[in-house]
Amino acid sequence: MISDKAYIWIFLPGQTEPVVCGVVAWDGSEYVFRYGKSYLARANAIPLSIPGRPLGELTGDPYVLDNELSGALRDASPDAWGRRIIQREIGKALNPAGQPDNAIDSEPGEIDYLLGAGADRIGALDTSERPDVYLPRVKQASPLADAQKAAGQMERGEALNDDLDAALNHGTSIGGARPKVLFRQGKEYWVAKFSSSRDTINMIAAEHGAMRLAAEAGLRVAPTQVLDISGKGVLLVRRFDRAIHASGTLTRRHMLSAMTLMNLDEYAVRAGEASYLTLADVLRKYARDFQRDGRELFRRMVFNILIGNIDDHARNHACFWDGQALELTPAYDVCPQPRLGYSADLAMIVGSLGRAATLNNAISQAERFGLANDEAAECIDALTQTVATRWENTFSAAGLAAGDIEYLAKATLMSPSILD
1 MISDKAYIWI FLPGQTEPVV CGVVAWDGSE YVFRYGKSYL ARANAIPLSI PGRPLGELTG
61 DPYVLDNELS GALRDASPDA WGRRIIQREI GKALNPAGQP DNAIDSEPGE IDYLLGAGAD
121 RIGALDTSER PDVYLPRVKQ ASPLADAQKA AGQMERGEAL NDDLDAALNH GTSIGGARPK
181 VLFRQGKEYW VAKFSSSRDT INMIAAEHGA MRLAAEAGLR VAPTQVLDIS GKGVLLVRRF
241 DRAIHASGTL TRRHMLSAMT LMNLDEYAVR AGEASYLTLA DVLRKYARDF QRDGRELFRR
301 MVFNILIGNI DDHARNHACF WDGQALELTP AYDVCPQPRL GYSADLAMIV GSLGRAATLN
361 NAISQAERFG LANDEAAECI DALTQTVATR WENTFSAAGL AAGDIEYLAK ATLMSPSILD
């Protein structure tokens, strides 16, 4: 690890300037977080997570986070793609003798990833090596064409020149494994997602089509559009954690992933322990409007079953948190996942039959979402009608080729297995 301490700053609800809220450090065996005294003295201080979770109570006592960061701090850290970029940057800092300058060793630790992400990271948290002055790591804007080219070359393991290297750095703060960068266009903030060499169909058009179809079905989703850059599609997803007001000031919204809300780690998520039912229970307890958000979560789960989105893992769901109540964010990362097998499981537990992606399984625990069985059946019928009658035209209008549509129709979208 290169850095063993980072100060955590937060943009409190409605505020345009951050305040330092605490420090996370590696003590030689585990990560420890402690809220700052000045933050605890603030009348508008909020806990970084919900009660009962790491960082969920405002206290001067230390939070032991074991040998990995957890909770809200992990949510503020980059995921697979961002970590690849940061690892590359750290590797560039190695001197000819093979040792990094001012480093304990050459392997990045969790604090290195926290500090390596830019100030444009998702949510309202940021980091600094100083507690007294906020010095945001703002990165110079680069053309999307450069970022697209850089992402492709990095996937192939090719060397990047300085311009492409700079363009790629706008992706250090984002979650997920797909190549992507953050950028601003006018008063709007966007995530730009690029195609991958591992794609078997046009996943850019597929995700754009799925998000449009979800909106047509009445789900709350992040707006998307597709740009053609150098003959390749780039998916733009408008960010919902940023807002520029008429005065020109920027505010940020604090977010918590479903993984954090359910108090899980990556290992538990990969083991299939994440659950829509548990997330619904959390919403019932902490949501500002459970009737709305419980119903919305149920409908999103059913929509994922209908379109074959089996990548609905716990980091692809999130809530806004203002220190008082939760609110589901707009849906994001909704996309059919091509498969050839007959049946499928979602990434999270659906109902009494576990993760089985069937409509009967979805309705089996409807009451956990605040729905009576007849209400749940009405939701399923309405969503099924919309998807069945509109999906082909919607995906075609989104730019998905006829061959890709045919491929998805074989086993993914509206699969007969969902009726089992």
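Numbering (the UniProt record's numbering), first residue to last: 1 to 420.
For glycine and all other residues, C-beta sits at the position ideal for the given N, C-alpha and C.
None of these values were measured; they are calculated from a predicted model.
Could you tell me the alpha carbon to alpha carbon distance between residue i and residue j, rounded to whole angstroms?
i           : j           : result
residue 373 : residue 332 : 27 angstroms
residue 80  : residue 111 : 15 angstroms
residue 76  : residue 70  : 10 angstroms
residue 225 : residue 236 : 5 angstroms
residue 360 : residue 289 : 26 angstroms
residue 102 : residue 30  : Any reading at residue 102 must be qualified, since the residue scores a pLDDT of 49, below 50, and its modelled position is unreliable; no value is offered.
residue 277 : residue 254 : 23 angstroms
residue 8   : residue 55  : 12 angstroms
residue 66  : residue 27  : 10 angstroms
residue 60  : residue 36  : 7 angstroms
residue 125 : residue 410 : 43 angstroms
residue 385 : residue 219 : 14 angstroms
residue 41  : residue 19  : 12 angstroms
residue 413 : residue 78  : 31 angstroms
residue 267 : residue 311 : 16 angstroms
residue 95  : residue 68  : Note that residue 95 has pLDDT 49, beneath the 50 cutoff, so the model's placement of it is unreliable and no number is given.
residue 398 : residue 204 : 9 angstroms
residue 342 : residue 357 : 11 angstroms
residue 232 : residue 392 : 22 angstroms
residue 129 : residue 241 : 24 angstroms
residue 287 : residue 324 : 9 angstroms
residue 198 : residue 330 : 27 angstroms
residue 496 : residue 131 : For the chain, the structure presents residues 1 to 420; residue 496 sits outside this window and is missing.
residue 285 : residue 245 : 32 angstroms
residue 86  : residue 299 : 37 angstroms
residue 74  : residue 292 : 28 angstroms
Find the nearest neighbour of residue i within the set the options, judged by alpha-carbon distance.
i           : options            : result
residue 179 : 186, 242, 317, 152 : 152
residue 181 : 242, 220, 121      : 121
residue 305 : 262, 355, 215      : 355
residue 6   : 24, 18, 322, 402   : 24
residue 256 : 286, 321, 411      : 321
residue 145 : 131, 300, 193      : 193
residue 88  : 416, 275, 349, 150 : 150
residue 336 : 415, 119, 127      : 415
residue 186 : 238, 378, 109      : 238
residue 401 : 221, 209, 417, 230 : 209
residue 195 : 234, 188, 211      : 234
residue 344 : 420, 74, 273       : 420
residue 45  : 73, 14, 64, 74     : 14
residue 137 : 119, 148, 123      : 119
Within the same chain, show all residues whose beta-carbon is closer than 8 angstroms to that of residue i, passing over the 5 residues directly before and after it, in chain order.
i           : result
residue 249 : 16
residue 127 : 6, 7, 8, 9, 76, 114, 115, 117
residue 190 : 182, 183, 184, 236, 237, 238, 239
residue 387 : 213, 217, 303, 306, 307, 413, 414
residue 3   : 109, 111, 112, 115, 129
Near residue i, which residues of its chain fall below 7 angstroms by C-beta distance, leaving aside the five closest residues on each side in sequence?
i           : result
residue 407 : 201, 338
residue 390 : 213, 216
residue 22  : 8, 33, 34, 35, 36, 39
Excluding the 5 residues flanking residue i on each side, which residues of the same chain have their C-beta closer than 6 angstroms to its C-beta?
i           : result
residue 258 : 279, 314, 317
residue 62  : 32, 34
residue 294 : 280, 283, 369, 370
residue 98  : Below a pLDDT of 50, predicted positions are generally treated as unreliable, and residue 98, at 48, falls in that range; the measurement from the model is reported next regardless. So no residue of the chain qualifies.
residue 381 : none
The alpha helix (DSSP H) with residue i in it runs from where to where?
i           : result
residue 285 : 276–286
residue 396 : 373–397
residue 207 : 203–216
residue 37  : 37–40
residue 362 : 359–363
Give the C-beta separation of residue i and residue j to the nearest angstrom, bearing in mind that I take them to be a contact with Cβ-Cβ under 8 angstroms.
i           : j           : result
residue 271 : residue 395 : 33 angstroms between Cβ atoms; not a contact.
residue 47  : residue 58  : 5 angstroms
residue 328 : residue 297 : 7 angstroms
residue 211 : residue 302 : That pair is no contact at about 16 angstroms.
residue 347 : residue 363 : Going by Cβ atoms, the distance from residue 347 to residue 363 rounds to 19 angstroms, so no, they are not a contact pair.
Starting from residue i and walking both ways along the beta strand (DSSP E), at which residues does that stretch end?
i           : result
residue 403 : Where residue 403 is concerned, there is no enclosing beta strand (DSSP E), although the alpha helix (DSSP H) it sits in stretches over 402–411.
residue 346 : Careful: residue 346 lies outside any beta strand (DSSP E) and carries neither H nor E.
residue 270 : That residue, residue 270, is in no beta strand (DSSP E); its alpha helix (DSSP H) goes 266–270.
residue 252 : 250–252
residue 311 : Element bounds for residue 311: n/a, residue is neither H nor E.
residue 234 : 232–238
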